[in-house]
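Data first, discussion second: the structure below is written as structure tokens.
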Amino acid sequence: MHYQRKSPYDSSNLMTLIKLFLFSFTFSITALSANALVVLQYHHVDEGTPSSTSISPEQFRQHMQLIEELGFDVVDLELATREELAKREELKNTHKPITSKQVAISFDDAYASIFTHAYPELKRRNWPFTLFVNTQAVNEKH
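First residue of the sequence shown: 23, per our numbering; consecutive thereafter.
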């Protein structure tokens, strides 16, 4: 009897990895949000970019849908950071837990895929986001 080894790229393995990632994402965001502002940081939102720094447009859409379904308030990063620090200072002596359900969304390096894939999803929901621009690389080809 000959056993044929399944490819690690088999569609069932891929679906398992996607489900595991979504579970991890859901667990992380709900666990962390119980006592802190959650900040999600993305680089590329594209399928043709390095997987180590990328998320597919479909996965990004699923993240945004999950945030919406979990009832998070998507907030401006700068404002939320200031509010969070003030809240912590105020609650420092009362020992009450912080119970906000807020998430801020940010992107590093201002890649075109953010504008083409992420921006429409965020605009549709009227959600704020922060874009960090690396000015040294703006005029360079990569």
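Cβ atoms here follow ideal geometry from the backbone N, Cα and C, with glycine treated the same way.
None of these values were measured; they are calculated from a predicted model.
Contact defined as beta carbons within less than 8 Å: I believe residue i pairs with residue j. What is the distance between those atoms, to the nearest angstrom?
{"i": "A108", "j": "L59", "result": "Contact flag wrong, Cβ pair sits at about 12 Å."}
{"i": "P147", "j": "E112", "result": "Note that residue 147 corresponds to Arg in the displayed sequence, not to Pro. Incorrect: roughly 30 Å between the Cβ atoms, too far for contact."}
Tell me which residues share the same chain as residue i and place their Cβ nearer than 6 Å to its Cβ, disregarding the 5 neighbours each side in the sequence.
{"i": "E69", "result": "S78"}
{"i": "T152", "result": "L99 and S128"}
{"i": "W149", "result": "V96"}
{"i": "V155", "result": "A132"}
{"i": "H139", "result": "V67 and P79"}
The alpha helix (DSSP H) spanning residue i covers which residue range?
{"i": "I89", "result": "P79 to E91"}
For residue i, which residues of its own chain have a beta-carbon under 8 Å away from its beta-carbon, when the five flanking residues on both sides are left out?
{"i": "V125", "result": "I51, S55, L59, V60, V61, L62, I89, F94, D95, V96 and V97"}
Distance, Cα to Cα, residue i vs residue j?
{"i": "H65", "j": "R110", "result": "29 Å"}
{"i": "H85", "j": "T75", "result": "16 Å"}
Taking residue i as part of the beta strand (DSSP E), name the residues at either end of that continuous run.
{"i": "Y141", "result": "Note, Y141: premise wrong, no beta strand (DSSP E); alpha helix (DSSP H) at Y141 to R147."}
{"i": "I11", "result": "Residue 11 is absent from the model: the chain starts at 23 and stops at 164."}
{"i": "Q158", "result": "Premise fails: Q158 is in no beta strand (DSSP E) and is neither H nor E."}
{"i": "V97", "result": "No beta strand (DSSP E) holds V97; DSSP gives it neither H nor E."}
With a CB to CB cut of under 7 Å and the five nearest residues on each side skipped, what residues in its chain are close to residue i?
{"i": "S135", "result": "H66, V67, D68 and T71"}
{"i": "K123", "result": "S55, G93, F94 and D95"}
Is there at least one Cβ from chain C nearer than 8 Å to residue i's Cβ?
{"i": "V155", "result": "Of the protein chains in the structure, only one exists, and it is not chain C."}
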